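Trainee: Have a look at this one before I ask anything.
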Amino acid sequence: MIHVSLSLLIFIYLGVFLTVIFSAWLRYEWVRRRRENRALRHRLRCAICALEFEDATTDLLPRCPRCGSLNERYRLRPS
Ligand SMILES: [Zn+2]
Numbered sequence: 389m390i391h392v393s394l395s396l397l398i399f400i401y402l403g404v405f406l407t408v409i410f411s412a413w414l415r416y417e418w419v420r421r422r423r424e425n426r427a428l429r430h431r432l433r434c435a436i437c438a439l440e441f442e443d444a445t446t447d448l449l450p451r452c453p454r455c456g457s458l459n460e461r462y463r464l465r466p467s
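In the working numbering, each residue's number is its place in the sequence shown (first place is 1) plus 388.
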């Protein structure tokens with residue numbers, strides 16, 4: 389039989405518990421960021437009228453549907 393003191397047992401229990409919570413939190417954060425990046429992949433904001441629109445084409449300079457100006461492609465940061 390293995391003899392373990394009560395304090396060591398509590399320490400091990402807390403360590404395992406915190407590891408599980410921390411890894412679940414990391415996993416959740418990773419999934420959330422992936423989902424957010426996927427949602428914003430084709431999202432653009434017009435530099436002239438600030439309209440946000442979807443553009444799934446591969447055009448270098450997509451055209452704004454409202455004002456018709458050409459926009460550079462850059463990633464929108466999640467606010
Ligand atoms: Zn525009």
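Cβ atoms here follow ideal geometry from the backbone N, Cα and C, with glycine treated the same way.
As the structure is a prediction and not an experimental result, all values here were calculated from the model.
When you measure from the CB of R433 to every non-hydrogen atom of ligand 1, does any distance come out below 6 Å?
Mentor: For ligand 1, not one heavy atom lies less than 6 Å from the Cβ of R433.
Trainee: Alpha carbon to alpha carbon, what distance is there between R451 and I409?
Mentor: Taking the straight line from one Cα to the other gives about 46 Å.
Trainee: Any idea if C455 is buried or exposed, counting beta-carbon neighbours within 10 angstroms, 16 or more meaning buried?
Mentor: Exposed.
Trainee: Going by the C-beta, is R454 closer than 6 Å to any heavy atom of ligand 1?
Mentor: Checking every heavy atom of ligand 1 against the Cβ of R454, one is found closer than 6 Å.
Trainee: Taking the alpha-carbon positions, what's the R415 to N425 distance?
Mentor: Taking the straight line joining both Cα atoms gives about 15 Å.
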